[in-house]
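Notes follow once the structure below has been shown.
Protein chains: 2
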Amino acid sequence: MKQVVLRAYPKGAPSVGDFAVETAAIPKPAAGEVLLKTYWLSLDPLIRFSLDERRLTGRAQVRPGEVLYGGAVSRVEASNAEDFAIGDWVEGRTGWREFAAIDPTAVPLRKIDAVAAPPSSALGLLGMPGQTAHACMIEIGRVKAGETVVISAAAGAVGTIAGQIGKLLGAKVVGIAGGAAKCRAVEALGFDVCVDYKADDYAEQLAAACAGGIDVYVENVGGAVTQAVLPLLKYQARMPVCGFIAYYGLGLEGPGPDRLPGFMRTIMSRGLEVRGFGGAMVAGQKALDDLARWHGEGKIKLTETVVEGLDEAPAAFAGIFSGNANVGKLVVRVAAD
Amino acid sequence: MKQVVLRAYPKGAPSVGDFAVETAAIPKPAAGEVLLKTYWLSLDPLIRFSLDERRLTGRAQVRPGEVLYGGAVSRVEASNAEDFAIGDWVEGRTGWREFAAIDPTAVPLRKIDAVAAPPSSALGLLGMPGQTAHACMIEIGRVKAGETVVISAAAGAVGTIAGQIGKLLGAKVVGIAGGAAKCRAVEALGFDVCVDYKADDYAEQLAAACAGGIDVYVENVGGAVTQAVLPLLKYQARMPVCGFIAYYGLGLEGPGPDRLPGFMRTIMSRGLEVRGFGGAMVAGQKALDDLARWHGEGKIKLTETVVEGLDEAPAAFAGIFSGNANVGKLVVRVAAD
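Protein chains in written order, with the numbering used here: chain A, -19 to 317; chain B, -19 to 317.
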């Protein structure tokens, strides 16, 4: 079977050469373990955090030579674990490999209904990105009808869902994405308008789209994209921080100037509320239930970009950080049947 | 009469040479105006924002040659305004001068009770700093009994009050201040402990004082003081931003490295809630009523540093930014009788 290992810690944005596709023997499940066949792999900017010499999060750290760690949807091929049977579909952090022997008491596996929705949706709308978007718009953002909401990385896994939730809530939803094609795809999802941050007059376009000021800014990006948003925030605006891809390669400090003073001034002088999305804040099952219902009612579309085969996973992962990759959730089809 | 004018916009931290004490004729109140005699002048880091070529806030900007703008407590000496009588005590932004002719429809004047509490308290405990401390601890910080609260600039006007509110609420209160003398003064107000940020082992002392983690961090400072706090914040900690004196001279950008990436990562990975205190967030009269009651019951002490005479105001104001000035609210006694 194939698996993807880390060759060297990325410097800044990951590149294809930081990874290697290897072959390995299909593992045999020990007592208590299940043998999983990977069908869908999640490509997610958060994986970047695990690929650093410094321990940046509480999550697992991947060292050179080790298999990459990340979410996947799999089917049980053999089971020595009590609660799992052959044919069950599961989602869990089982890694970038075609087969995995997993102890479900060590690596949590969530059983999914592969009939009600396509199995890959457990990595997007009906998984962590959906829960993140739900938390950012509803629990943290408290978006209300008539408000103006701006969503950065609008074409991304979280952004595409957040914008559709915003329209369901009756808000005016302005997306920010890179390039005309992505912007048109975002508008096709029902966003009122999408502004291209690569345009020369990005800041002016954004100001024109938000003429009355911004009530809620869903932060997924950071960097120059965000600098243009800050002056448009209304007094006591809310800013759910759901990601900040521009900073993922930077560790705790980036090249100067130091932009923290301006951010703190904005927070104070505008009475801004900035709140991070942390995993435990997820409205858990409630969010998944809402999203599944909205999807079933045709109110929220599944949006995925599918990459074919594990060989292509490193390039597709690197593409997230160069801003030229996916619309919607980016997944790798590891097995076709 | 004397008045203080801006000589030149300060570069970074203000210094005495940026100001000049002048003499001027005592003004005559026109129709609708009151003549005020200044008794107490408020020295407040926020004044720094008005002393910049760039327009940094919605507040008045002071240009070279103009009288400094800031809060004061005065007595009405003559009145052509319907609602004000000779002998009334008022608080308002009437400037750094011994007398002022003011139109109360243009510059709001708040009548104060000079019998219930010393008039200068209208600039501190029973004024904006008290309202700020109340909002930061109660409305924004939502401090609960048993929680650990850290307060930077603990010896300052807001910090001294915030810490006492924290003890009233049943929290463990840890102050941060500069120098042993200030720390002892802070502890004398009832703080559980005060850590000296000038100590070589400041970060270690702070970590030891907050062994179980920090629930609420009241930000008054920014800069290196705050960098030591961030790693100690609990999951979903709250961070009311009430000031950030380290940044007041910096405009929107400071010298690198850029610390915004690390701050954003902390916000996201810890589900941090950062919320700015903006003026309109003040719990207004409710805060003043609470504070006056607590003061009357002996539960909160008035803490002031008094500077004698308008001539000394520039040096005392500059001292705020070099961190070697006041404990409690810093006021200038402009008139003694």
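Where is the CB? At the ideal position from N, CA and C, for every residue including glycine.
Worksheet item: Applying the criterion that 16 or more other CB atoms from any shown protein chain within 10 Å of the CB defines a buried residue, is glutamine 144 of chain B buried or exposed?
Response: Answer is buried; the Cβ neighbour count reaches 16.
Worksheet item: What residue from B:Phe79, B:Gly67, B:Lys309 has the CA that sits closest to proline 7 of chain B's CA?
Response: Checking every option, the nearest Cα to that of proline 7 of chain B belongs to B:Phe79.
Worksheet item: Fully enclosed by the stretch 5 to 59 of chain A, which beta strand (DSSP E) runs are 3 residues long or longer?
Response: Counting only runs of 3 or more, we get 14 to 22, 52 to 59.
Worksheet item: Across which residues does DSSP place arginine 375 of chain A in a beta bridge pair?
Response: Only positions -19 to 317 of chain A appear in the structure, and residue 375 of chain A is not among them; the question remains open.
Fill in: Local conformation of phenylalanine 79 of chain B per DSSP, three classes
The DSSP-derived three-state label of phenylalanine 79 of chain B is strand.
Fill in: Proximal chain E residues relative to valine 221 of chain B, where beta-carbon distance stays under 8 Å
The chain labelled as chain E is not found among the protein chains of the depicted structure, namely A and B.
Fill in: Segments of 3+ residues assigned as beta strand (DSSP E) that fall wholly inside the stretch 235 to 279 of chain A
Counting whole runs of 3 or more residues, the stretch 235 to 279 of chain A contains the beta strand (DSSP E) stretches 253 to 256.
Discussion item. Quick check on this structure: which residue in B:Leu252, B:Ala113, B:Cys163, B:Arg73 has the alpha carbon closest to the alpha carbon of valine 87 of chain B?
Written reply: Checking every option, the nearest Cα to that of valine 87 of chain B belongs to B:Arg73.
Worksheet entry | With 16 other Cβ atoms within 10 Å as the buried cut-off, status of isoleucine 66 of chain A | Label assigned to isoleucine 66 of chain A: exposed.
Item to complete: Have a look at glycine 170 of chain A and glycine 192 of chain A and give me their C-alpha separation to the nearest angstrom.
Response: In this structure, the alpha-carbon of glycine 170 of chain A lies about 20 Å from that of glycine 192 of chain A.
Worksheet item: If we count the other Cβ atoms within 10 Å of its Cβ and call it buried at 16 or more, is serine 302 of chain B buried or exposed?
Response: With fewer than 16 Cβ atoms within 10 Å of its Cβ, serine 302 of chain B is classed as exposed.
Worksheet item: Just curious, the alpha helix (DSSP H) that arginine 164 of chain A is in, first and last residue?
Response: Its alpha helix (DSSP H) spans residues 160 to 168.
Practice prompt. Indicate the three-state DSSP secondary structure (helix, strand or coil) for valine 209 of chain B in the structure shown.
Written response: Assigned with DSSP and collapsed to three states, valine 209 of chain B falls in helix.
Worksheet item: What residues in the stretch 183 to 215 of chain A bring their beta carbon closer than 7 Å to a beta carbon of chain B?
Response: Residues Gly202, Tyr215.
Worksheet entry | Of the listed residues A:Val154, A:Asp238, A:Ala61, A:Ala168, nearest to alanine 204 of chain B (C-alpha basis) | If we check each option's Cα against that of alanine 204 of chain B, A:Asp238 comes out closest.
Worksheet item: From leucine 23 of chain B to lysine 309 of chain B, what distance separates their C-alpha atoms?
Response: Taken atom to atom, the span from the alpha-carbon of leucine 23 of chain B to that of lysine 309 of chain B is near 8 Å.
Item to complete: Go through its chain and collect everything with a Cβ distance to arginine 218 of chain B's Cβ below 6 Å, but skip five positions before and after it.
Response: Correct list, in chain order: Gly121, Val196, Glu253.
Discussion item. Taking the beta carbon of proline 294 of chain B as the centre, do at least 16 other beta carbons fall within 10 Å, making it buried, or is it exposed?
Written reply: So proline 294 of chain B ends up on the buried side.
Discussion item. Pairs of beta-carbons, one from the stretch 271 to 285 of chain A and one from the stretch 276 to 293 of chain B, closer than 8 Å: are there three or more?
Written reply: No, they do not touch.
Discussion item. Could you compute how far the alpha carbon of valine 1 of chain B sits from the alpha carbon of proline -10 of chain B?
Written reply: When rounded, the distance between both Cα atoms is 16 Å.
Practice prompt. Determine whether the Cβ of aspartate 31 of chain A lies closer than 9 Å to any Cβ atom of chain B.
Written response: Note that residue 31 of chain A is leucine in the sequence shown, not aspartate. No, no contact with chain B.
Worksheet item: Pick from A:Arg313, A:Leu15, A:Glu33: whose alpha carbon is nearest that of leucine 89 of chain A?
Response: Comparing Cα positions, the closest option is A:Leu15.
Worksheet entry | Within chain A, the residues that glutamate 233 of chain B reaches when beta carbons sit closer than 7 Å | Residues of chain A whose Cβ lies closer than 7 Å to the Cβ of glutamate 233 of chain B are, in chain order, Pro237, Asp238, Arg239, Pro241, Gly242.
Discussion item. Assuming leucine -14 of chain A is part of the beta strand (DSSP E), what are its boundary residues?
Written reply: First-last of the beta strand (DSSP E) with leucine -14 of chain A: -18 to -14.
Discussion item. Does valine 95 of chain A pass the burial test, meaning 16 or more other C-beta atoms within 10 Å, or should it be called exposed?
Written reply: Exposed, by the Cβ-count rule.
Worksheet item: Checking contacts by CB at 9 Å: is leucine 282 of chain B closer than that to chain A?
Response: Cβ-Cβ to chain A under 9 Å: no for leucine 282 of chain B.
Practice prompt. Would you check if the distance between the CB atom of glycine 110 of chain A and the CB atom of alanine 267 of chain A is smaller than 9 Å?
Written response: Cβ atoms of glycine 110 of chain A and alanine 267 of chain A: closer than 9 Å.
Worksheet item: Where does aspartate 63 of chain A fall in DSSP's three states?
Response: In the structure shown, aspartate 63 of chain A sits in coil (DSSP, three-state: anything other than H, G, I, E or B).
Item to complete: Answer yes or no: does any C-beta atom of chain B fall closer than 9 Å to that of phenylalanine 257 of chain A?
Response: By this cut-off, phenylalanine 257 of chain A is an interface position.
Fill in: Same chain only: Cβ atoms within 6 Å of glycine 223 of chain B, ignoring 5 sequence neighbours per side
If we look at glycine 223 of chain B and ignore the five residues flanking it on each side, its Cβ neighbours are Asn200.
Discussion item. Would glutamate 127 of chain B pass as an interface residue toward chain A - the criterion being a Cβ-Cβ separation below 9 Å?
Written reply: Not one chain A Cβ lies under 9 Å of glutamate 127 of chain B.
Fill in: Paired residues, beta bridge with tyrosine 197 of chain B - DSSP
Looking at the DSSP output, tyrosine 197 of chain B shares a beta bridge with B:Val130.
Item to complete: Starting from phenylalanine -1 of chain B, follow its DSSP beta bridges and name the residues at the other end.
Response: Answer is B:Leu(-14), bridged to phenylalanine -1 of chain B.
Discussion item. For a test of the three-state rule: what should DSSP assign to valine 138 of chain A, helix, strand or coil?
Written reply: DSSP, reduced to helix, strand and coil, places valine 138 of chain A within a helical segment of the structure shown.
Item to complete: Under 9 Å between beta-carbons, which chain B residues line up against glutamate 57 of chain A? List them in chain order, please.
Response: Chain B residues near glutamate 57 of chain A: none, gap ~35 Å exceeds 9 Å.
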